[in-house]
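Asker: Residue numbering for the sequence shown is 1 to 169, as defined by this note's numbering. Note that CB positions come from ideal geometry on N, CA and C, so glycine has one too. Nothing here was measured: the structure is a model prediction, and the numbers come from that model. Before anything else, here's the structure in question.
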Amino acid sequence: MIAISERFAADERAQRAWGAALGRVLCGEDGLARAGGLVFLEGDLGAGKTTLVRGLLRGLGHQGPVRSPTYTLVESFELPGALVHHLDLYRIADPEELEYLGIRDLLDDASLVLVEWPERGAGVLPAPDLEVAIAHRDGGRSLRFEPAAAWQAAFAARLPQTPGPAPAP
Ligand SMILES: Nc1ncnc2c1ncn2[C@@H]1O[C@H](COP(=O)(O)OP(=O)(O)O)[C@@H](O)[C@H]1O
Ligand SMILES: [Mg+2]
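Written as structure tokens, this is what we have:
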């Protein structure tokens, strides 16, 4: 069975709010990713993937800037309730580069791993626990959440209909 939840973010602020909401679902009390999780963020350039991550990190208490890891490939954040690795594979030439990046360790340490452009890591990245597909719609963005089988019931129960307040940019 495929269980997809679709939500809408009318603007950049709502995108951040959804990021924070996702952070609560994954890393809040009884969060689905408390024992680790791999999330694929799919969508074209400018879809809003990094904005979603920014909201998630802010919501979890990150204070400093959140830059796109386009050049560094990975940025790691040690937050009060979670260790989060944010990857952007747009510029990798070969999925093998992920091995040099130490992807195994990143995935092994009970952290939340968020990956932009996961298709570029095909063959090296394992199957995700959650896919988030972001696309332009009506001037804003549609967000399609597709959890893996093991997460489906809990994810559907926890994902709110509206995201709640947006954290600071
Ligand atoms: N829900 C939204 N509605 C309108 N604009 C958005 C939304 N989410 C993000 N944006 C804007 O889209 C642009 C690209 O966002 P970004 O997160 O950098 O995309 P990506 O990481 O997918 O390339 C930014 O200017 C951002 O403010
Ligand atoms: Mg990005």
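1) How many whole angstroms separate the CB atoms of residue 21 and residue 160, which I take to be in contact at a CB cut-off of 8 Å?
2) Leaving aside the five residues before and after residue 11 along the sequence, list all residues of the same chain whose C-beta is less than 7 Å from its C-beta, in chain order.
3) Use the C-beta contact count for residue 146: other C-beta atoms within 10 angstroms, 16 or more gives buried, fewer gives exposed.
4) If distances are taken between C-alpha atoms only, which option among 87, 83 and 42 comes closest to residue 73?
5) DSSP puts residue 147 in a beta bridge; with which residues?
6) So, helix, strand or coil for residue 97, using DSSP?
7) Using 8 Å for Cβ pairs, my map puts residue 163 next to residue 17. What's the rounded Cβ distance?
Answerer: So, from the listed chains and residues:
1) Contact holds; Cβ gap of about 6 Å.
2) Here the set comprises 140.
3) When all chains shown are included, residue 146 counts as buried.
4) Taking only the C-alpha atoms, the option nearest residue 73 is 87.
5) Residue 147 pairs with 130.
6) Helix.
7) About 4 Å; that satisfies the 8 Å criterion.
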